[in-house]
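Quick note on our numbering: the sequence shown kicks off at 41 and runs consecutively.
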Amino acid sequence: MNTLSTLFYISMAAWFLTEFLYKNMLKSGKEDQKNKDKSTLNILWLAIPFSIASSVFIFYNTHFPIVNGIWIVYLGELFILIGIIVRYMIIRSLGKYFTVDVTIRQDHKIKKEGFYKYLRHPSYAFSLLTSLGLGLYLNNWLSLIFAFVPHFLAFAYRIKIEEQTLIEQFGDEYIEYRKSTKKLIPFIY
41 MNTLSTLFYI SMAAWFLTEF LYKNMLKSGK EDQKNKDKST LNILWLAIPF SIASSVFIFY
101 NTHFPIVNGI WIVYLGELFI LIGIIVRYMI IRSLGKYFTV DVTIRQDHKI KKEGFYKYLR
161 HPSYAFSLLT SLGLGLYLNN WLSLIFAFVP HFLAFAYRIK IEEQTLIEQF GDEYIEYRKS
221 TKKLIPFIY
């Protein structure tokens, strides 16, 4: 096994471990105002492992290379690492306001600085960068689709529910914030 493969397996383990820890340690409390929707976290925990497992399975059973060249594997691993590390930093920056379930905390405020100056959902954006990196690392068109699309669709649904909750809580303040930012890709989407 070469260094890049070892780094890939370590980063995949780190990705799984951090997401597992987020899910189990960053839940809302009893005093928090929870959204009535309970399905988004379950959908994410079905979609993401499915997308990872299916993209790896497809990689081993089909041959549809994106490019001929090892550079795409390095680019994919770079995206994986950036996605994991920056998502962690974003979650840390939210502090007590980050929960894995859609929740409004007591004294909750809309964060508008840092990555939030440009994106309303930067932690989701960097999670998606990680899944994009997986698809690029595997260098297979079908693997790329399966690594990214289920993950994206699950987050799109989650964003819809989350933004409804934020509008209900913050009203015009959140609507104005939405007008000045993008969901997932700065200046584009």
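Just so you know, even glycine gets a beta-carbon here, dropped at the ideal spot from N, CA and C.
### Query
Quick check: the region 191–205 against the region 110–117, are there 3 or more CB pairs under 8 Å?
Taking a cut-off of 8 Å for Cβ pairs, the region 191–205 and the region 110–117 do not touch, as fewer than three such pairs fall below it.
### Query
What is the DSSP secondary structure of residue 143, counted as helix, strand or coil?
Per DSSP, reduced to three states, the secondary structure at residue 143 is strand.
### Message
Helix, strand or coil, according to DSSP, for residue 224 in the structure here?
### Response
Coil at residue 224, not helix or strand.
### Query
Thinking C-beta only, is residue 126 closer than 9 Å to residue 162?
Yes. Within cutoff.
### Candidates 93, 141, 146, 51: closest to residue 82 by CA position
Among 93, 141, 146, 51, the Cα nearest to that of residue 82 is on 141.
### Query
How many Å lie between residue 152 and residue 224 at the Cα?
Distance from the CA of residue 152 to the CA of residue 224, rounded to the nearest whole angstrom, comes to 14 Å.
### Task
Measure the Cβ-Cβ separation of residue 180 and residue 98 and say whether it is below 9 Å.
Yes, they are a contact pair.
### Query
Taking C-beta to C-beta, are residue 178 and residue 172 nearer than 9 Å?
Not in contact: residue 178 and residue 172 (Cβ atoms no closer than 9 Å).
### Message
At 3 residues or longer, what runs of the beta strand (DSSP E) sit wholly inside the region 187–216?
### Response
Counting only runs of 3 or more, we get nothing.
### Query
Can residue 58 and residue 128 be called in contact, C-beta distance under 9 Å?
The answer is yes: Cβ separation under 9 Å.
### Task
Grab me the residues of residue 160's own chain with a C-beta within less than 6 Å of its C-beta, minus the 5 sequence neighbours each way, in chain order.
In the same chain as residue 160, and ignoring 5 residues on each side of it, the C-beta atoms closer than 6 Å to its own belong to 221, 223, in chain order.
### Query
Candidates 149, 210, 139, 146: which alpha carbon is nearest residue 61's?
It is 139 whose Cα lies nearest to the Cα of residue 61.
### Task
Thinking residue 94 and residue 186 are a contact (beta carbons under 8 Å), I'd like their distance in whole angstroms, please.
Confirmed, about 4 Å.
### Message
For the alpha helix (DSSP H) containing residue 129, name the first residue and the last one.
### Response
Segment 111–134, the alpha helix (DSSP H) holding residue 129.
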